[in-house]
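S.K.: Taking the working numbering, the leading residue of the sequence shown gets 27, the next gets one more, and so forth. C-beta: ideal position from N, C-alpha, C; glycine also. As the structure is a computational prediction, the values presented were derived from the model and not from experiment.
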Amino acid sequence: MKKQAREAGKKLSNMFRFCEEVFGEGQEILILVTELTINYYGANFISRYGCEEYFAHNKELLFYERQKAIIKEIEEQEL
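Here is the structure:
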């Protein structure tokens, strides 16, 4: 089982590397992170075994969402 988890983890890391190389830091990475988050099996695997790339991009997504919320609040205050 541990060997299978390691292999799956390598594939997950490779998927992130592929997306980073092909798409850069575009919307595709955000879609990938979102899909892994809402997918029962993806989220379960990541919570159990971890994935550095997922956590890094998920953190970026949270910062991006927070930045959008702050900008919206500022714009509403200026009205």
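Would you identify the three-state DSSP class for G52, choosing helix, strand or coil?
M.R.: Numbered from 1 along the sequence shown, position 26 holds the residue referred to as residue 52. The answer is coil: DSSP assigns G52 none of H, G, I, E or B.
S.K.: Given a cut-off of 9 angstroms, decide if F42 and C77 are closer than it, judged by their beta-carbon atoms.
M.R.: As a working mapping, residue 77 is identified with position 51 in the sequence shown. As a working mapping, residue 42 is identified with position 16 in the sequence shown. Cβ atoms of C77 and F42: closer than 9 angstroms.
S.K.: For V59 versus L87, is the C-beta spacing smaller than 9 angstroms?
M.R.: As a first step, residue 59 must be located in the sequence shown, where it is residue number 33. As a first step, residue 87 must be located in the sequence shown, where it is residue number 61. A contact, by the Cβ cut-off of 9 angstroms.
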